[in-house]
Structures are given as C-alpha cells and as structure tokens.
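Note that our numbering has the first sequence beginning at 48, numbered continuously upward. Even for Gly, the Cβ is constructed at its ideal location relative to N, Cα and C. Quantities reported herein were computed from a predicted structural model and do not represent experimental measurements. Report on the structure given below.
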Amino acid sequence: MQFSIEKKSGHARAGEIVTPHGTIKTPAFVVVGTKATVKALTAEQIRSLNAQVVLANTYHLYLQPGEDIVAQAGGFGPFMDWQGPTMTDSGGFQAFSLGAAFGNNVSKVATGDEIEDTSQVVGQLAKVTDEGVEFKSHLDGSKHLFTPEKSMEIQWKLGADMIFAFDECTSPTAPYEYQKKSLDRTLEWAKRSLARHEALDTEKKQALFGVVQGGRFQDLREEAARTIGALDFDGFGIGGSFTKDDIGTAVGWVNALLPEDKPRHLLGIGEPRDLFDAVEVGCDLFDCIAPTRMGRHGTLHTKEGRINIKNAKFIDDFTPIEIDCACYTCQHHTKAYLAHLFRAEEMTAATLASIHNLHFILRLVEQMRESILDGSFPEFKKEFLEKYY
RNA sequence: GCGUCGGUGGUAGAGUGGUCAAUUACACCUGACUGUAAAUCAGGCGCCUUCGGGCUACGUAGGUUCAAAUCCUACCCGGCGCA
C-alpha cells in the first residue's frame, strides 16, 4: 500500500492510497459490508454508486460462514464479487457493542447524559481481559476468545488490502481510570498485532492500521497518538467513544501528533457535520453504518437535513427525495412511492433508501476532496452546513 | 316467525358488578440510530387540563345498585339453527 498527499488546505488533505486492488482517492467514505455484503445492495449496485472501498468485519465473518470458507473463495472481496480495494475491522468494536453497550442503549458517540459505569470489564456478551476478548456468540451463545494474534490470523484469511490492529473500543460510560487502563492494554495489543501480522504477511500484501483510543480525554488521546503513532503501522485508525457535538476537537488532538505521511481512518463516523470536521483536521478515510442502517429505517439524507420518509406528509408527495440528486432512487422514484414501500414493508424500500443515502455521503466526501484540490474547502463546508439542519 | 349466540376504542379481539379510559396485537402519529446484536428500538394513540384532576364513552333507550362494558327489560342490528 502506498499513500501520498496531493494537496493540503489547512490540515485538510487530498491524497491517494494505492492498494493491490486499485487506487482510493482521499478523503474517501468506506462503505460498510459487515458480513461480506452491503445490506440490501448487490455488488453491482455498490459499483454504480462509485464506492471505492468496502469494509467487512472479522468477528462476524469468523462466526459466519467462518474465515476458512471466505479464504477458499479467495477473500471476502471475491466472495461478494467486489473487485476493488477492501478493508476488515478487527473485531475490537464488538468488545464494545457486544460488551458494555449490549442491551444498555449506549452509543459510542455520547450525548452527555450517560451515567458512568465502572463495571466495564464484564459486558453482556464480551468480557475483556489483558489476553483478549472473550465473546459469547450473539448467534448461538458459544464462547470464542479473540486475541490480537487471532484477529490477525482471521484477517489474513479474509484477505483485505487494509486491516486493523485488535483494540478495545471503549464506552463513553467508562470512567477515566478504565479508559487509561484500556489504553495501555490496546497499546500492548497493537504491538502483538504488529508482531503476528509481520510473521504472517512476509510479502507485505496487507497494510496494517493501528488504532488510537483514549475516549474523550485529551491527555489519553494524545498519549495514544504518540505511542501508537510511533509504531510501524501503515496507517492509523481513530476509534472509541466521542462527545456528540465535538468529535472534531478530539480527532484534532490526535491528528496533530500522528505521522503526516500515513493515512488516518476515523472509525465508524458518518454524519455529514462530523465528516466535515474530521476532514478539516486531517482525516482521510471514514466508514459508517449510518447511511445504510438509517436508510433501512426510513431516515434519508437531504441537503436540508434528514427526513423520515415514513412521515404522513410524504404519502402523496410525488417529487424525488432530492430534485437535483443524481442517484438511481431519485432519478426513478418519488417520495410517495418510497413512503408506500416502507409502509408496505417491501424489501425494495431498504435498497432504494440505502442507494440514496450512500450516494449522498459518498458524493459529499468526494466534493470535500474536490474542494480541497481547488482550495475552496472552507467555503464548501460553510455553505453546506448553513443549509443542513 | 320461533330459538340461540353475539354486538367493546381505526381493525381484530380481551374483560363479564368496583383495582376500566378499558389487557394485547395490528394500524396510525412521532422520535432515535455514527468501526451493523438492528428490514431495529423507544414514545404517543377518547376530549379537556392551572397536570391535582375533570368530562364523555363499551349497539340504542330505560332500569337495579353506593358502584355497570359487566346484572335486568325493551328495541335495533348481525351469525347460526328450526319453520
């Protein structure tokens, strides 16, 4: 993998990542295909959206169908008929989603109303120890130990171009002491991930990204950026919990310390406002389930903000979601039709909504890139956010 | 015509003297969702309210009772059976 920066505008940067399966123009939005499928979409539809990269998940593919099956298919890309660049997440996020967050209605993006919970270590389906994370399968309750080594081995078989070190995604409900402890552990895991990966991938086929944690605490974020940043990773992921109204600030602390010449992937962030803030402080890659999940739930992006297509007012609205949108959905269908499909619980609703939302976000990040290249990023951001509620 | 069973909120369908403005489901109205446990979840859903409560409601009209969706009478409507 090769990364180069073409142009900078402040801290924002436009660049290129060359992978064995094609070049990614950055900043770029990575489409999430957790189980080797972008929910509700065919590979052909993903291509027609001009998506550049697809990210799948180690934990999910390990459980089903198993990494060996994926390896037999030639990797998760070929398995799902995606020929372009690929990534896999390490399973570290599931330490949170199946652990502290499970059943607790907690988002890693904190609203500020969260109550501190000191019982972090023992979650519902994930238990974190220094050795690794012990998962209880959400599918059948069986137990599985994920270690940094194990994650590297699975990701090796899944065969993505870019992979992540095994980390612990912490909860915003975790107190400082726990975040600190977890950070030390994630650093150890980063070293172990590196060591195992180097042993497996002697030909340097896969790029390995280290993950910066630290929650909402500046000193921890900076410590993580320094220590993880000093290791021999090909790029960096910025993960963990954030404060809803100020993701940009925390990411800024980190990017100020990470090496300039390696790509920075902000993990799991995808709200338009957050993307602008993150690009502004120098992030290159993003992935997020929001466009597809929200789409399936009837929430659609427009330049004026989100709409809920299930609202009564759209039942007889025979205009597209956005009159000037170039996506397949807007070119062919009306809000009234989508409202009908959602009410009738027709599967096509999920497909059409996902197409629109992904098109919206992919195009938005693409426009950010264009504006960096022509020097108009600050104006583009300002104009967009003035209209977007 | 006789007999019999039944008529409950948008729908289906609980309740069968007080704890019932009435279980539940669906429908309907909103909201949430940020490295996918998610085609999911949460709230609302008679009218009014100074949030204490007040008012009108369980086919219609009466009645019994301190108290009725629940008991009685008549009528109206529907299913079934017999003529």
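Roughly how many angstroms lie between the CA atoms of residue i and residue j, to the nearest whole one?
i       : j       : result
Ala-272 : Gln-119 : 37 Å
Ser-222 : Gly-257 : Looking at the sequence shown, residue 222 is not Ser but Pro. Cα to Cα, the separation comes out at about 23 Å.
Ala-303 : Ile-64  : 21 Å
Cys-377 : Leu-347 : 12 Å
Glu-215 : Gly-131 : 28 Å
Ser-240 : Leu-322 : 28 Å
Leu-305 : Tyr-384 : 48 Å
Asn-151 : Thr-249 : 42 Å
Met-209 : Gly-57  : 27 Å
Ser-184 : Thr-194 : 15 Å
Glu-307 : Phe-365 : 49 Å
Gly-69  : Ala-254 : 14 Å
Leu-282 : Ala-386 : It should be pointed out that residue 282 corresponds to Gly in this sequence rather than to Leu. Each residue's Cα considered, the two are about 42 Å apart.
Ala-87  : Ala-373 : 20 Å
Lys-174 : Asp-164 : 15 Å
Leu-332 : Phe-361 : 34 Å
Pro-319 : Asp-231 : 32 Å
Glu-224 : Phe-182 : 23 Å
Ser-198 : Glu-178 : 12 Å
Ser-51  : Ala-391 : 48 Å
His-312 : Ile-368 : 30 Å
Val-301 : Gly-284 : 10 Å
Lys-54  : Leu-420 : 6 Å
Val-180 : Asp-136 : 15 Å
Tyr-435 : Thr-133 : 31 Å
Can you check DSSP and say which residues form a bridge with residue i?
i       : result
Thr-366 : DSSP lists no partner for Thr-366.
His-344 : Partner(s): none; His-344 has no beta bridge.
His-312 : Gly-284 and Leu-332
Phe-289 : Val-156
Leu-255 : Ile-210
Thr-66  : Gly-69
Ile-354 : Leu-347
Ala-61  : Lys-54
Asn-104 : Asp-136
Ala-173 : Phe-182
Can you name the start and end residues of the beta strand (DSSP E) that residue i belongs to?
i       : result
Leu-192 : 190-193
Phe-50  : 49-56
Lys-183 : 180-183
Asp-136 : 133-136
Asp-331 : Asp-331 -> no beta strand (DSSP E), and no H or E assigned at all.
Ile-21  : Residue 21 lies beyond the range of the chain shown here (48 to 436); nothing can be said about it.
Lys-360 : It is not in any beta strand (DSSP E) - Lys-360 carries neither H nor E in the DSSP assignment.
Ala-75  : 75-79
Val-85  : Run containing Val-85: none; DSSP gives neither H nor E here.
Do residue i and residue j have their C-beta atoms closer together than 8 Å?
i       : j       : result
Trp-236 : Ala-207 : no
Phe-389 : Ala-59  : no
Pro-219 : Ser-288 : yes
Gly-317 : Cys-335 : yes
Ile-370 : Asp-324 : no
Gln-141 : Tyr-106 : yes
Val-117 : Leu-205 : yes
Pro-74  : Arg-410 : no
Gly-299 : Val-328 : yes
Phe-36  : Gln-226 : Since the first residue of the chain shown is 48 and the last is 436, residue 36 is not available in this structure.
Pro-338 : Ser-401 : yes
Leu-186 : Gln-111 : yes
Gln-260 : Thr-217 : yes
Locate the alpha helix (DSSP H) running through residue i, then write down its first and last residues.
i       : result
Asp-266 : 265-276
Gly-124 : 123-126
Asn-302 : 294-302
His-380 : Neither: His-380 is in no alpha helix (DSSP H) and is coded neither H nor E.
Ser-144 : Element bounds for Ser-144: n/a, residue is neither H nor E.
Ser-229 : 223-247
Gln-119 : 114-119
Glu-430 : 424-434
Say yes only if the C-beta of residue i is nearer than 7 Å to one or more non-hydrogen atoms of the ligand FAD, and no if none qualify.
i       : result
Leu-314 : This structure does not include the ligand FAD; it has no bound ligands of any sort.
>> With a threshold of 8 Å, are at least 3 pairs of Cβ atoms found where one atom belongs to the stretch 141-161 and the other to the stretch 78-85?
In response: no
>> Does the structure place the stretch 92-110 close enough to the stretch 343-359 that three or more beta carbon pairs sit under 8 Å?
In response: no
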